[in-house]
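In terms of my numbering, the sequence shown opens at residue 386 and continues consecutively.
A virtual CB, placed ideally from N, CA and C, is assigned to each residue, including glycine.
This structure is a prediction, so every number in the text was calculated from the model and none was measured.
The structure under discussion appears below in the form of C-alpha coordinates.
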Amino acid sequence: MAAVTATLSAISEKTATIWLAFGGTATSGSDYTALPGSVVIPAGPLGADVAVSIFNDTLFEGTETITFDLAPGGYSR
(Lines of atoms letter the chains of each structure in order from A and count residues from 1; the text may use other names and numbers.)
(Lines give C-alpha, C1' and ligand atoms only; values in the text may rest on other atoms or scores of the structure.)
Protein backbone atom coordinates (compact mmCIF):
# COMPACT_ATOMS: atom_id res chain seq x y z
CA MET A 1 0.00 0.00 0.00
CA ALA A 2 1.21 3.47 -0.82
CA ALA A 3 -0.36 6.88 -0.34
CA VAL A 4 -0.15 10.15 -2.20
CA THR A 5 -1.26 13.37 -0.55
CA ALA A 6 -3.12 16.03 -2.55
CA THR A 7 -2.21 19.31 -0.84
CA LEU A 8 -3.65 22.79 -1.23
CA SER A 9 -1.30 25.79 -1.27
CA ALA A 10 -3.30 27.32 1.61
CA ILE A 11 -6.09 26.24 3.94
CA SER A 12 -9.49 26.84 2.37
CA GLU A 13 -12.75 27.81 4.04
CA LYS A 14 -14.60 25.83 1.34
CA THR A 15 -14.53 22.15 0.39
CA ALA A 16 -12.18 21.62 -2.57
CA THR A 17 -12.38 18.88 -5.22
CA ILE A 18 -9.05 17.98 -6.83
CA TRP A 19 -9.18 16.02 -10.10
CA LEU A 20 -6.66 13.22 -10.51
CA ALA A 21 -5.14 11.90 -13.73
CA PHE A 22 -2.89 8.86 -13.74
CA GLY A 23 -0.19 7.69 -16.10
CA GLY A 24 3.08 5.83 -16.07
CA THR A 25 4.03 2.33 -17.15
CA ALA A 26 1.99 0.39 -14.55
CA THR A 27 -1.52 -0.70 -15.57
CA SER A 28 -4.55 0.25 -13.49
CA GLY A 29 -6.50 -2.85 -12.48
CA SER A 30 -3.65 -5.33 -13.03
CA ASP A 31 -0.66 -3.64 -11.35
CA TYR A 32 -2.56 -1.48 -8.86
CA THR A 33 -6.14 -0.88 -7.74
CA ALA A 34 -8.08 1.45 -10.01
CA LEU A 35 -8.10 4.88 -8.41
CA PRO A 36 -10.83 7.50 -8.05
CA GLY A 37 -11.01 10.39 -10.49
CA SER A 38 -11.00 12.98 -7.73
CA VAL A 39 -10.26 13.59 -4.09
CA VAL A 40 -12.25 15.90 -1.81
CA ILE A 41 -10.44 18.09 0.72
CA PRO A 42 -12.91 19.37 3.32
CA ALA A 43 -12.84 22.98 4.48
CA GLY A 44 -10.06 23.37 7.05
CA PRO A 45 -7.50 20.62 6.37
CA LEU A 46 -4.63 21.38 4.00
CA GLY A 47 -4.72 18.01 2.19
CA ALA A 48 -6.14 14.54 1.77
CA ASP A 49 -4.54 11.16 1.10
CA VAL A 50 -5.20 8.92 -1.89
CA ALA A 51 -4.40 5.27 -1.06
CA VAL A 52 -2.89 3.08 -3.78
CA SER A 53 -2.98 -0.72 -3.40
CA ILE A 54 -0.16 -2.25 -5.41
CA PHE A 55 -0.50 -5.85 -6.64
CA ASN A 56 2.45 -8.19 -6.23
CA ASP A 57 2.14 -10.31 -9.36
CA THR A 58 4.49 -13.04 -10.58
CA LEU A 59 5.20 -11.49 -14.00
CA PHE A 60 8.64 -10.06 -14.66
CA GLU A 61 7.88 -6.63 -16.11
CA GLY A 62 10.86 -4.61 -14.95
CA THR A 63 10.45 -1.35 -13.08
CA GLU A 64 6.98 0.19 -13.43
CA THR A 65 5.80 3.65 -12.48
CA ILE A 66 2.55 5.38 -11.54
CA THR A 67 2.36 9.13 -12.14
CA PHE A 68 -0.25 11.50 -10.73
CA ASP A 69 -1.37 14.83 -12.13
CA LEU A 70 -3.54 17.02 -9.93
CA ALA A 71 -5.83 19.81 -11.14
CA PRO A 72 -8.30 21.96 -9.23
CA GLY A 73 -11.85 20.85 -9.82
CA GLY A 74 -13.67 23.55 -7.91
CA TYR A 75 -15.04 24.52 -4.58
CA SER A 76 -18.43 24.03 -3.00
CA ARG A 77 -20.12 26.39 -0.58
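Is the beta carbon of T400 sitting closer than 7 angstroms to the one on E449? Indexing the sequence shown from 1 puts residue 400 at position 15. Indexing the sequence shown from 1 puts residue 449 at position 64. Cβ atoms of T400 and E449: not closer than 7 angstroms.
Quick one: what does DSSP say G408 is sitting in, helix, strand or coil? If you number the sequence shown from 1, residue 408 lands on position 23. DSSP places G408 in strand when its eight states are reduced to three.
Would you list the one or two residues that DSSP bridges to F440? Indexing the sequence shown from 1 puts residue 440 at position 55. For F440, which the question treats as bridged, DSSP gives no partner whatsoever.
Under 7 angstroms between C-beta atoms of I396 and V424: Stepping through the sequence shown from its first residue, residue 396 is reached at position 11. Stepping through the sequence shown from its first residue, residue 424 is reached at position 39. Result no, Cβ atoms of I396 and V424 do not sit closer than 7 angstroms.
Going by Cα to Cα distance, which pick from I426, L444, G432, L420 is closest to M386? As a first step, residue 386 is located in the sequence shown; it is residue number 1 there, counting from the start. The candidate whose alpha carbon is nearest that of M386 is L420.
Work out the CA separation of A391 and A428 for me, nearest whole Å. Numbered from 1 along the sequence shown, position 43 holds the residue referred to as residue 428. Numbered from 1 along the sequence shown, position 6 holds the residue referred to as residue 391. Distance between the alpha carbons of A428 and A391: 14 angstroms.
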